[in-house]
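Here the structure comes first, spelled out in structure tokens, and everything after it is commentary.
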Amino acid sequence: MSFQEFMNKLEHFLDDHLSIRTSKLAENFKSYFGLKYKISLNYEGENVRVSLSFIQPASNTTSSKKNIIYFVESLRHKHISHYAEHEKDSEA
Numbered sequence: 010m011s012f013q014e015f016m017n018k019l020e021h022f023l024d025d026h027l028s029i030r031t032s033k034l035a036e037n038f039k040s041y042f043g044l045k046y047k048i049s050l051n052y053e054g055e056n057v058r059v060s061l062s063f064i065q066p067a068s069n070t071t072s073s074k075k076n077i078i079y080f081v082e083s084l085r086h087k088h089i090s091h092y093a094e095h096e097k098d099s100e101a
């Protein structure tokens, strides 16, 4: 999976699972007003680091983080499985 495909899938998932912050909910974090999340991209050595930040009531934060991590890990494992199958086919 290309990085662009990964980012498209991640952003689609986040758009479906996070809510837009209203002025009341983003009261102390005005830069989040009208946003669901913020993504920052940087290089860390040869790898790309994707940082995600979002504002939610404390009672939902852990659940949201788990769901995001489960989603990203499922994409990663699909990619690893696909790569391993491709390597097997190449050896045959």
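Numbering (this note's numbering), first residue to last: 10 to 101.
Yeah, the Cβ is synthetic: ideal placement off N, Cα and C, and Gly gets one too.
No experiment lies behind these values; they were computed from the predicted model shown.
For leucine 50, the uninterrupted beta strand (DSSP E) segment begins and ends at 47-53. Under the DSSP assignment, leucine 61 falls in the beta strand (DSSP E) whose first and last residues are 56-62. Inclusion of isoleucine 48 and leucine 61 in the CB contact set at 7 Å is warranted, their separation being smaller than that value. Rounded to whole angstroms, the gap between the alpha carbons of histidine 86 and phenylalanine 80 is 10 Å. Per DSSP, phenylalanine 42 is not a residue of any alpha helix (DSSP H), being assigned neither H nor E.
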